[in-house]
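Take a look at the structure below.
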Amino acid sequence: MKNWNSVVFSACAVALLSTHAHADIPATDASRLEKMQKQIDTLQDSLDGLRLEGEKEEPIRSFSAKNFHLGGWINESLESIQASGSDRYGVNESEVSLLASVDVDAHTRVFLDLQFDRALELENSNTAERRYGAYEDSVAIEIAQISHDFSDRFGIRAGQLIAPFGIINVEHFDPVLLQHQLPQFLRDQPDEPFGMFDDIVQGIDTYGNFNIPGGHRFNWEAYAASLQSDTNKLGGGGRQAWTFPGHVTIGSSQQAGNREGHPFLTLGQDVKIGDKKFVLKAESAQTLITGSNLYTWYVQPAYSLTDKWIVFYQADYFSNALNRTEGVLDPIKQYEHTLGVNFLPIKNIRMRAEVADHHYVGDTRRYLEKSRDFISLQTSITVSF
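Position one of the sequence shown corresponds to residue -16 (this note's numbering), numbered consecutively onward.
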């Protein structure tokens, strides 16, 4: 109805203005001119009132959530692999992640992470013949969970969750990562759907925190879930962390389940020390499974030169007794030494440049009489919104 009123008033205004412009009005007829001007002013006031009233109307809502937040990021990375006689170059990943958070009420929240990924598959990654294969496209729901806080100290979440294990697995969102590549034990292993533990689980997680006198804080989580390694049996795990005054946190993590008919247990230990300029992260983990054990650790110190420039170094070791090369069991032990720099021109953009030395050790440091060692150079940019 308001739109029709606007049209009617507009038509009247045009008619009056047209009459005023074309009628033969004597110059001395001041009263008639004044009366016409008042009519035009009245119509204009009515139109302005309708416009202001329309601006005050609430937008249409599809549901009655208390708050709705939408964001995400775009990530692009370029990698060069250099080894004796087999240099490779490629735009190895393009990724878009959309995040949505809905506050149903003061205590209940829904969180979603939808990822669109296009990545080069690195074939024969642990041999001298490693090369980029075809692009693999994927659209996946990374996180889809609903959480409810019963109090400031206790809550529960359910759905598809990030497993609460260590530091980097929890802080895995690209906009906050100094190094584009995750530590070795968190990467997808060739020919293996499962590394040392499941980083994403489907189940129920309970969590809590306690503030201790003296500036201490204790956090805990415990979950039961289906694991990708064996979806026919339930697994579970948890994490406990103690934060001391002075920004020092030590933690331990656990996950247990089944893999190829054998039970496994993965244990993790971590420490994080940080202030405004310097941050140190370190983790270690051990997987105990029938007939084989896996072991890993990494240390990552970082220093902020300015608000925009950060330098870091990472030493990363992985002993993977279950690695497969060309479908055959091929145990490996590998060190990665990475030196990198981050540049943040604005808070929503993170640019990275990294050089990494990949060095294999032990009895399997060579494959088919050729060294497995190589150097990789990588640049990446993450833009968050």
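Positions of the beta carbon are idealized from the N, C-alpha and C atoms, including for glycine.
Assigned secondary structure, residue i (DSSP; H/G/I helix, E/B strand, else coil)
i      : result
Val388 : Absent from the structure is residue 388, since the part of the chain shown begins at -16 and ends at 368.
Phe180 : coil
Val153 : coil
Gln211 : coil
Pro228 : coil
Leu169 : helix
Pro196 : coil
Pro246 : strand
Val87  : coil
Glu76  : strand
Asn109 : coil
Gln164 : coil
Asp258 : coil
Ala48  : coil
N-terminal and C-terminal residue of the beta strand (DSSP E) that residue i is part of
i      : result
Asp340 : 332 to 343
Ser134 : Taken as a continuous stretch (DSSP letters only), Ser134 belongs to no beta strand (DSSP E), as it is neither H nor E.
Glu266 : 261 to 272
Phe357 : 357 to 367
Residues that DSSP places opposite residue i in a beta bridge
i      : result
Gln143 : Ala127, Gln185
Ile423 : A question about residue 423 goes unanswered here, because the residues of the chain that appear run from -16 up to 368.
Asp96  : Leu82, Ile126
Arg71  : Ile64
Leu103 : Tyr118
Val159 : Note: Val159 sits in no beta bridge, so no partner.
Asn303 : Ile315
Lys353 : Tyr350
Ala239 : Gly219, Leu248
Phe148 : DSSP, once it has assigned bridges, lists no residue as partnering Phe148.
Ala205 : Thr189, Gly221
Glu309 : For Glu309, which the question treats as bridged, DSSP gives no partner whatsoever.
Exposure label - residue i; buried when at least 16 CB within 10 Å
i      : result
Ser108 : buried
Arg170 : exposed
Thr365 : buried
Gln297 : buried
His52  : exposed
Gly116 : exposed
Arg333 : buried
Trp56  : buried
Thr249 : buried
Phe168 : buried
Phe201 : exposed
Ile329 : exposed
Asp290 : exposed
Check: residue i C-beta below 7 Å from any heavy atom of the ligand NAP
i      : result
Tyr318 : Looking for the ligand NAP in the displayed structure turns up nothing, as the structure carries no ligands at all.
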